[in-house]
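Engineer:
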Amino acid sequence: MNTIFKGLALAATLASATAVLADPVKPTVVLVHGAFADSSSWNGVVKILEKDGYPVIAAANPLRSLKGDAQSVADVLASIKTPIVLVGHSYGGPVISEAAYGNPNIKALVYVAAFAPEAGESTAELAGRYPGGTLGPTLAPPVALADGGKELYIQQDKFHDQFAADVSNADAKLMAATQRPVTTAALNEASSEPAWKTIPSWFVYGDKDKNIPAQAQSFMAERAHSKKTIVVRGGSHVVMVSNPKVVAGLIETAAKAR
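Residues -22 to -1, 1 to 236 in mature numbering (1 follows the signal peptide of the UniProt record, and there is no 0) are what the sequence shown spells out, letter by letter.
1) Let me know the secondary structure DSSP gives ALA(-1) once reduced to three states.
2) Does DSSP classify LYS85 as helix, strand or coil?
3) Measuring CA to CA, which of SER19, GLY80 and VAL24 is closest to GLN49?
4) With three or more C-beta pairs closer than 8 Å as the rule, is the segment 199 to 217 touching the segment 82 to 94?
5) To which residues of the same chain is ALA199 closer than 6 Å at the C-beta, ignoring the five residues directly before and after it?
6) Taking buried to mean at least 16 other C-beta atoms within 10 Å of its own C-beta, is THR6 buried or exposed?
7) By alpha-carbon positions, which one of GLY126, ASP149 and ARG42 ends up nearest to PHE137?
8) Between which two residues does the beta strand (DSSP E) harbouring residue 237 extend?
9) Could you give the DSSP three-state label for VAL23: helix, strand or coil?
10) Take the Cβ of GLU167 as the centre, count every other Cβ of all protein chains shown within 10 Å, and call the residue buried at 16 or more, exposed below.
11) Taking only the alpha-carbon atoms, compute the straight-line gap between VAL216 and ALA142 and give it to the nearest angstrom.
12) Rounding to the nearest angstrom, what Cα-Cα distance links VAL63 and MET218 in this structure?
13) Can you grab the Cα-Cα spacing for the pair LEU165 / PRO72, in whole Å?
14) Considering only the beta carbon of each residue, do GLN134 and THR116 sit closer than 7 Å?
15) Based on DSSP bridge pairs, tell me the residues matched to LYS128.
16) How is GLY227 classed by DSSP in three states: helix, strand or coil?
17) From THR112, VAL145 and ARG158, pick the residue whose C-alpha is nearest to that of LEU130; which is it?
18) Under 6 Å Cβ to Cβ from ALA52, same chain only, skipping five residues before and after it: list those, please.
19) SER100 to ALA173, Cα distance in whole Å?
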């Protein structure tokens, strides 16, 4: 009888161990928005990830300076004890490249219509390196700041076509009114050594992006040795808003990669 009980106990232990191996702790997904957007731009992606069992944090990006913004995100990352998939949109790309550097908890980087600069490169320089970007003429006159700096908005009547052409008129109008400005200093600040050199990276972008030309994004993805790159046909600069399933799917692919 004791032998039977021991056998059953062993079987139960093995079954429990197998279950743990088959269902490891899911990494936390940290989403970082870019310029002219806010954390709500991730809402569609968050719903999918949470439904699939992933812990999610949509971090607030101050959009004041690259080093300062990266430190703000790094502070959030330092509070997370599980593995992390770090995701950045647009200017959020340079921010995650800086924030992740040297953090052993980051298992993957995902660039969503995002810049992935090399050391010494700035967002502004990369945006103008390839033809096709039309952001400049759509910007409103800079807002003067008390510290002598300037911040930028997209003119609301040009926001839909420039930033979110594949989003409904109603949603684009709301996004235009709630857009968060970025400083000119942040866009022109040179990047440090990027984390994509040591952390596996994934990329997704739209071929109709008017903020970052598709050619520029293809170059950055290839340079970073992207594990997988998805190009959304007709996709605008906000592919996470217009195509949340595609973006969430790529994030989950990165999360499951070994």
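Glycine residues also receive a C-beta, built at the ideal position from the N, C-alpha and C atoms.
Structural biologist: Reading from the atomic positions:
1) Residue mapping note: residue -1 aligns to position 22 of the sequence shown, counting from 1. Legend: pLDDT at ALA(-1) = 39, less than 50; position of this residue unreliable, value from coordinates given subsequently. ALA(-1): helix per DSSP, three-state reduction.
2) Position 107 of the sequence shown holds residue 85. Strand at LYS85.
3) Residue 49 sits at position 71 when you count from the first residue of the sequence shown. With distances taken between CA atoms, GLN49 lies nearest to GLY80 out of SER19, GLY80 and VAL24.
4) With three or more CB-CB distances shorter than 8 Å, the segment 82 to 94 counts as touching the segment 199 to 217.
5) The residue labelled residue 199 in the question sits at position 221 within the sequence shown. Same-chain partners within the cutoff: PHE181 and THR207.
6) Looking up residue 6 in the sequence shown gives position 28. Burial check for THR6: the Cβ neighbour count within 10 Å reaches 16 or more, so the residue is buried.
7) Walking along the sequence shown from the start, residue 137 turns up at place 159. When each option's Cα is compared against that of PHE137, the closest is ASP149.
8) Look at the range of the chain in this structure, -22 to 236, and you will see that residue 237 is not part of it.
9) Here residue 23 refers to the residue found at position 45 when the sequence shown is read from its first residue. DSSP places VAL23 in the helix class (H, G or I) of the three-state scheme.
10) Looking up residue 167 in the sequence shown gives position 189. Classification for GLU167: buried.
11) Looking up residue 216 in the sequence shown gives position 238. Looking up residue 142 in the sequence shown gives position 164. Between VAL216 and ALA142, the C-alpha separation is close to 6 Å.
12) In the sequence shown, the residue the question calls residue 63 occupies position 85. In the sequence shown, the residue the question calls residue 218 occupies position 240. So the two alpha carbons sit approximately 16 Å from each other.
13) Start at 1 with the first residue of the sequence shown, and residue 165 comes out as number 187. Start at 1 with the first residue of the sequence shown, and residue 72 comes out as number 94. So the alpha carbons of these two residues sit roughly 10 Å apart.
14) As a working mapping, residue 134 is identified with position 156 in the sequence shown. As a working mapping, residue 116 is identified with position 138 in the sequence shown. No, Cβ-Cβ distance for GLN134 and THR116 is not below 7 Å.
15) In the sequence shown, residue 128 corresponds to position 150, counting from 1. ALA122.
16) Taking the sequence shown and counting its residues from 1, one reaches residue 227 at position 249. DSSP places GLY227 in helix when its eight states are reduced to three.
17) By 1-based counting over the sequence shown, the position of residue 130 is 152. Put simply, of THR112, VAL145 and ARG158 the residue whose alpha carbon is nearest the alpha carbon of LEU130 is ARG158.
18) As a working mapping, residue 52 is identified with position 74 in the sequence shown. Excluding sequence neighbours, ALA52 sits near ALA77.
19) As a first step, residue 100 is located in the sequence shown; it is residue number 122 there, counting from the start. As a first step, residue 173 is located in the sequence shown; it is residue number 195 there, counting from the start. Each residue's alpha carbon lies about 15 Å from the other.
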